[in-house]
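**Student:** Attaching a single structure in structure tokens format; questions to follow.
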Amino acid sequence: MMKKKNGQRGAFLVLAAVIIPFIFICAGFAADFGKAWAVRAKLQNAADAAVLAGAYQYSSNDQGNVEKLIRTYLSQNSGGLTYSYDKNRDQRNGIFYREPKDGDQSKGILLTLHASAEVPTSFLAMFDVNTLHVGVYSTAKIVKSTPSNSDDVFGYAIMGTGTSDEIRRFNEWNRYSVQFSTNGTHIDGKIYARENFALYGKDNGVIIKDGSQFSTSQKDDNVLWPFGNNEWDPELRKNYTLKWRLHDQNGNDITANGHYVDPIDITLSKDNPKTKNIYDFIQEQKKNHGVITAGNMGDHGITADRSKNDGVYIAIDNSSPDWSYNFGDWRTYKTIIAYGNIHIINNTFENLSSNDHLTVVSLHGNITIDGYPPHKLVKGLFYAPNGYIDLKTDTNFEGSMVAKQVMVHQGSGYNIKWDRFDFAGDNSSSGNTGGTGSITLHSDGDSQYESLP
Numbered sequence: 001m002m003k004k005k006n007g008q009r010g011a012f013l014v015l016a017a018v019i020i021p022f023i024f025i026c027a028g029f030a031a032d033f034g035k036a037w038a039v040r041a042k043l044q045n046a047a048d049a050a051v052l053a054g055a056y057q058y059s060s061n062d063q064g065n066v067e068k069l070i071r072t073y074l075s076q077n078s079g080g081l082t083y084s085y086d087k088n089r090d091q092r093n094g095i096f097y098r099e100p101k102d103g104d105q106s107k108g109i110l111l112t113l114h115a116s117a118e119v120p121t122s123f124l125a126m127f128d129v130n131t132l133h134v135g136v137y138s139t140a141k142i143v144k145s146t147p148s149n150s151d152d153v154f155g156y157a158i159m160g161t162g163t164s165d166e167i168r169r170f171n172e173w174n175r176y177s178v179q180f181s182t183n184g185t186h187i188d189g190k191i192y193a194r195e196n197f198a199l200y201g202k203d204n205g206v207i208i209k210d211g212s213q214f215s216t217s218q219k220d221d222n223v224l225w226p227f228g229n230n231e232w233d234p235e236l237r238k239n240y241t242l243k244w245r246l247h248d249q250n251g252n253d254i255t256a257n258g259h260y261v262d263p264i265d266i267t268l269s270k271d272n273p274k275t276k277n278i279y280d281f282i283q284e285q286k287k288n289h290g291v292i293t294a295g296n297m298g299d300h301g302i303t304a305d306r307s308k309n310d311g312v313y314i315a316i317d318n319s320s321p322d323w324s325y326n327f328g329d330w331r332t333y334k335t336i337i338a339y340g341n342i343h344i345i346n347n348t349f350e351n352l353s354s355n356d357h358l359t360v361v362s363l364h365g366n367i368t369i370d371g372y373p374p375h376k377l378v379k380g381l382f383y384a385p386n387g388y389i390d391l392k393t394d395t396n397f398e399g400s401m402v403a404k405q406v407m408v409h410q411g412s413g414y415n416i417k418w419d420r421f422d423f424a425g426d427n428s429s430s431g432n433t434g435g436t437g438s439i440t441l442h443s444d445g446d447s448q449y450e451s452l453p
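Residues in the sequence shown are numbered consecutively from 1, following UniProt numbering.
Below is the structure:
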């Protein structure tokens, strides 16, 4: 019996000699990986809070502030973790905007953050594994709101509200409410031409996607469509005038009949329901940003203003009504409000991302949009209630152009698409002109959206 007990004790010691190191190793692994799991969970919570904060701040007009807010929230919610979103630490790190593959912006965009951390080890350090790398993704889906009232002026892709007599005061030789010198332009959005719509040539091919979205305050087709050509009618054996008209995507000519509306007032006023949102927006920008006066309109004043005003330029000193300035080179202003003429040129666009849009207001002058954006797309809201807007760049346009007169000098085969960018007019000091409809945490991988880098 004693011999049997001694044998059992010996077997137990052998078993213990095997199991105890194994338990020790498992405990060591558990301690290090448990710590890594806890750090990852804390980092995930911080990333979720940060990406949601960024999403609520989101405006396609001001991504810089969104990313700044994400960094702030990540720091505040990380509980002292040493984390990174630098690609040098992890190629997946960064802040990413992802759009639907089919280009349907109504689906919303995805805002994704990837952050990582190095977790110091205890047990694994004995095996020269000093840290464990953990990384987390967090994605928010941002769906833009549908404005409850898109009948304000930015509810139109193109709005030309001037009569010939009004337009002659600032454009004596070209007095048309809307003028197209293009070929093969497709328009997706509402168009309003107060008195006339000038097309140069029989085969200009300016097409509006939905003919019902054209409106005018002109009842006479001969005035509405000022240009045409004498054509021979072989049956009647006489000449007739073929008017050059806008037509829909089915090839149907647009006529004045059935498209009449009362004249639209685009005067800037807090009492004008069609422009009150723009009035409120300007007042908000004036309150939150320094107004440039005639005394500091030089380069140094503009540079200083940009550095403190976060991309918002305001010059509304009416002592210089004929003042004009070119915005280009290093002057990256996403919001420009000026008393006189504004000329947007090449380098303005080069400093903007494909998600950025401009908000440009000339209170008493004209707006000329020039240059060649690298993304082949001009995106913006342009408002000149007392002058003209001249789009003279060979590229697509997305946004809204509202003025006494709108002229389009694109090349062949370009598109004009309406977008108001959720312009609300009553929000923040950052130059933000938009709101959001819904914000939700979303799956990081979604086959309908662009892939993560």
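Heads up, the beta-carbon is just placed ideally off N, CA and C, and yes, glycines get one too.
Since this is a predicted model, take the numbers as computed values, not measurements.
Could you tell me how far apart the beta carbons of Pro-418 and Asp-188 are, in whole angstroms, since I believe they sit closer than 8 Å?
**Tutor:** Here residue 418 refers to the residue found at position 418 of the sequence shown. Here residue 188 refers to the residue found at position 188 of the sequence shown. Before going on, a small fix: residue 418 reads as Trp here, not Pro. About 6 Å separates the two Cβ atoms, so the contact holds.
**Student:** Indicate the three-state DSSP secondary structure (helix, strand or coil) for Tyr-449 in the structure shown.
**Tutor:** For the purposes of this step, residue 449 is taken as residue 449 along the sequence shown, with counting starting at 1. Tyr-449: strand per DSSP, three-state reduction.
**Student:** Give every residue of the same chain whose Cβ lies closer than 7 Å to the Cβ of Ile-109, excluding the five residues on either side of it in the sequence, and list them in chain order.
**Tutor:** Taking the sequence shown and counting its residues from 1, the one referred to as residue 109 is at position 109. Excluding residues within five positions, the ones whose Cβ falls inside 7 Å are Tyr-97, Arg-98, Glu-99, Ile-142.
**Student:** Expressed to the nearest angstrom, what Euclidean distance is found between the alpha-carbon atoms of Asp-151 and Ile-266?
**Tutor:** Within the sequence shown, residue 151 is the residue found at index 151, counting from 1. Within the sequence shown, residue 266 is the residue found at index 266, counting from 1. Asp-151 and Ile-266: Cα-Cα distance of roughly 12 Å.
**Student:** How many Å lie between Leu-441 and Lys-379 at the Cα?
**Tutor:** Here the question's residue 441 lines up with position 441 in the sequence shown. Here the question's residue 379 lines up with position 379 in the sequence shown. Each residue's Cα considered, the two are about 28 Å apart.
**Student:** Is the beta carbon of Gln-249 less than 7 Å from the beta carbon of Lys-209?
**Tutor:** Numbered from its first residue, the sequence shown carries residue 249 at position 249. Numbered from its first residue, the sequence shown carries residue 209 at position 209. The answer is yes: Cβ separation under 7 Å.
**Student:** Under 7 Å Cβ to Cβ from Val-134, same chain only, skipping five residues before and after it: list those, please.
**Tutor:** What you label residue 134 is simply residue 134 of the sequence shown in a count that begins at 1. Hits under 7 Å: Ala-36, Val-39, Arg-40, Leu-43, Ser-116, Ala-117, Val-119.
**Student:** Which residue comes first and which comes last in the beta strand (DSSP E) that contains Ile-337?
**Tutor:** Along the sequence shown, read from residue 1 onward, the residue named residue 337 stands at position 337. Counting along the chain, the beta strand (DSSP E) containing Ile-337 begins and ends at 335-338.
**Student:** Three-state secondary structure (DSSP) at residue 464?
**Tutor:** Missing from the structure shown is residue 464; the chain here goes from 1 to 453 and no further.
**Student:** Taking C-beta to C-beta, are Ile-336 and Ile-342 nearer than 7 Å?
**Tutor:** Along the sequence shown, read from residue 1 onward, the residue named residue 336 stands at position 336. Along the sequence shown, read from residue 1 onward, the residue named residue 342 stands at position 342. Contact flag set, yes.
**Student:** Kindly list the residues whose CB is nearer than 7 Å to the CB of Ile-282, restricted to its own chain and excluding five residues on each side of it in sequence; keep chain order.
**Tutor:** Taking the sequence shown and counting its residues from 1, the one referred to as residue 282 is at position 282. Ile-337, Val-361, listed in sequence order.
**Student:** Roughly how many whole angstroms lie between the Cα atoms of Met-159 and Asp-271?
**Tutor:** As a first step, residue 159 must be located in the sequence shown, where it is residue number 159. As a first step, residue 271 must be located in the sequence shown, where it is residue number 271. Between the alpha carbons of Met-159 and Asp-271 lies a gap of roughly 20 Å.
**Student:** Can you tell me whether Ser-443 is buried or exposed? The criterion is at least 16 other CB atoms within 10 Å of its CB, across all chains shown.
**Tutor:** Within the sequence shown, numbered from 1, the residue matching residue 443 stands at position 443. Label assigned to Ser-443: exposed.
**Student:** According to DSSP, what are the bridge partners of Leu-69?
**Tutor:** Taking the first residue of the sequence shown as 1, we reach residue 69 at position 69. The partner list for Leu-69 (beta bridge, DSSP) is empty, contrary to what the question assumes.
**Student:** Do Ile-367 and Leu-391 have their C-beta atoms within less than 7 Å of each other?
**Tutor:** The sequence position of residue 367 within the sequence shown is 367, counting from 1. The sequence position of residue 391 within the sequence shown is 391, counting from 1. No, they are not a contact pair.
**Student:** Determine the closest residue to Asn-415 out of Thr-131, Gln-448, Ser-400, with distance taken between C-alpha atoms.
**Tutor:** Taking the sequence shown and counting its residues from 1, the one referred to as residue 415 is at position 415. The shortest Cα separation from Asn-415 among Thr-131, Gln-448, Ser-400 belongs to Ser-400.
**Student:** Please classify Arg-175 as buried or exposed, where buried requires at least 16 neighbouring CB atoms within 10 angstroms.
**Tutor:** Taking the first residue of the sequence shown as position 1, residue 175 is located at position 175. The residue in question, Arg-175, is buried, as its Cβ has 16 or more Cβ neighbours within 10 Å.
**Student:** Rounded to a whole number of angstroms, what is the C-alpha to C-alpha distance between Gln-448 and Asp-104?
**Tutor:** Taking the first residue of the sequence shown as position 1, residue 448 is located at position 448. Taking the first residue of the sequence shown as position 1, residue 104 is located at position 104. Taking the straight line joining both Cα atoms gives about 10 Å.
**Student:** I need the straight-line Cα distance from Pro-321 to Gly-365, nearest angstrom please.
**Tutor:** On the sequence shown, position 321 is the one that residue 321 refers to. On the sequence shown, position 365 is the one that residue 365 refers to. With a pLDDT of only 46 at Pro-321, under the threshold of 50, the placement of this residue in the model should not be trusted, and no figure is reported.
**Student:** With 16 other CB atoms within 10 Å as the buried threshold, where does Arg-420 fall?
**Tutor:** Here residue 420 refers to the residue found at position 420 of the sequence shown. Buried, because 16 or more other Cβ atoms sit within 10 Å of the Cβ of Arg-420.
**Student:** Taking all protein chains shown into account, decide if Asn-222 is buried (16 or more other Cβ within 10 angstroms of its Cβ) or exposed.
**Tutor:** On the sequence shown, residue 222 is found 222 positions in, with the first residue counted as 1. Looking at its Cβ environment, which holds fewer than 16 other Cβ atoms inside 10 Å, Asn-222 is exposed.
**Student:** On a Cα-Cα basis, can you pick out the residue from Thr-82, Ile-70, Leu-224 that is closest to Leu-113?
**Tutor:** For the purposes of this step, residue 113 is taken as residue 113 along the sequence shown, with counting starting at 1. Of the candidates Thr-82, Ile-70, Leu-224, the one whose C-alpha sits nearest the C-alpha of Leu-113 is Ile-70.
**Student:** Would you grab the beta carbon distance between Ala-193 and Thr-216 for me? Rounded to a whole angstrom, and I think it's under 8 Å.
**Tutor:** Position 193 of the sequence shown, counted from the first residue, corresponds to residue 193. Position 216 of the sequence shown, counted from the first residue, corresponds to residue 216. So it is a contact: roughly 5 Å between Cβ atoms.
**Student:** Taking 7 Å as the cut-off, decide whether the C-beta atoms of Glu-413 and Gly-184 are in contact.
**Tutor:** Here residue 413 refers to the residue found at position 413 when the sequence shown is read from its first residue. Here residue 184 refers to the residue found at position 184 when the sequence shown is read from its first residue. A quick correction: the sequence has Gly, not Glu, at residue 413. Yes.
**Student:** Quick check on Phe-214: buried or exposed, where buried means 16 or more other Cβ atoms within 10 Å of its Cβ?
**Tutor:** Start at 1 with the first residue of the sequence shown, and residue 214 comes out as number 214. It is buried - the Cβ of Phe-214 has at least 16 other Cβ atoms within 10 Å.
**Student:** I'd like to confirm the pairing. Which residues does DSSP put opposite His-114 in its beta bridges?
**Tutor:** Residue numbering aside, residue 114 sits at position 114 when the sequence shown is read from its first letter. Among the bridge pairs identified by DSSP, His-114 is matched with Gly-94, Tyr-137.
**Student:** In chain order, what residues of the same chain have a beta carbon less than 8 Å from the beta carbon of Thr-163, not counting five sequence neighbours either side?
**Tutor:** The sequence position of residue 163 within the sequence shown is 163, counting from 1. Answer for Thr-163: Ser-177, Arg-194, Glu-195, listed in chain order.
**Student:** Would Ile-389 and Val-408 qualify as a contact pair, given that the criterion is a beta-carbon distance under 7 Å?
**Tutor:** Taking the first residue of the sequence shown as 1, we reach residue 389 at position 389. Taking the first residue of the sequence shown as 1, we reach residue 408 at position 408. Result no, Cβ atoms of Ile-389 and Val-408 do not sit closer than 7 Å.
**Student:** Helix or strand or just coil, what does DSSP make of Ser-438?
**Tutor:** Position 438 of the sequence shown holds residue 438. The answer is strand: DSSP assigns Ser-438 an E or B state.
**Student:** Helix, strand or coil for Leu-268 per DSSP?
**Tutor:** Within the sequence shown, numbered from 1, the residue matching residue 268 stands at position 268. Leu-268 falls in the coil class under three-state DSSP.
**Student:** Where does Gly-75 sit, in a helix, a strand or coil, going by DSSP?
**Tutor:** Taking the sequence shown and counting its residues from 1, one reaches residue 75 at position 75. This sequence places Ser at residue 75; Gly is not what is there. Ser-75 falls in the helix class under three-state DSSP.
**Student:** Around the C-beta of Pro-263, are 16 or more other C-beta atoms found within 10 angstroms, so that it is buried, or is it exposed?
**Tutor:** Counted from its first residue, the sequence shown places residue 263 at position 263. Classification for Pro-263: exposed.
**Student:** Do Tyr-58 and Val-51 count as a contact pair if the criterion is CB distance below 7 Å?
**Tutor:** Taking the first residue of the sequence shown as position 1, residue 51 is located at position 51. Taking the first residue of the sequence shown as position 1, residue 58 is located at position 58. No, these two residues do not count as a Cβ contact at 7 Å.
**Student:** Rounded to a whole number of angstroms, what is the C-alpha to C-alpha distance between Asp-253 and Asn-45?
**Tutor:** Taking the sequence shown and counting its residues from 1, the one referred to as residue 253 is at position 253. Taking the sequence shown and counting its residues from 1, the one referred to as residue 45 is at position 45. As the crow flies, the alpha-carbon of Asp-253 is around 58 Å from that of Asn-45.
**Student:** Just tell me which of Phe-33, Ala-31, Gly-34, Thr-72 has its CA closest to the CA of Ala-49.
**Tutor:** Here the question's residue 49 lines up with position 49 in the sequence shown. Looking at the Cα atoms, Thr-72 is the closest of the given residues.
**Student:** Please state the DSSP three-state secondary structure of Trp-418.
**Tutor:** Along the sequence shown, one-based indexing puts residue 418 at 418. The answer is strand: DSSP assigns Trp-418 an E or B state.
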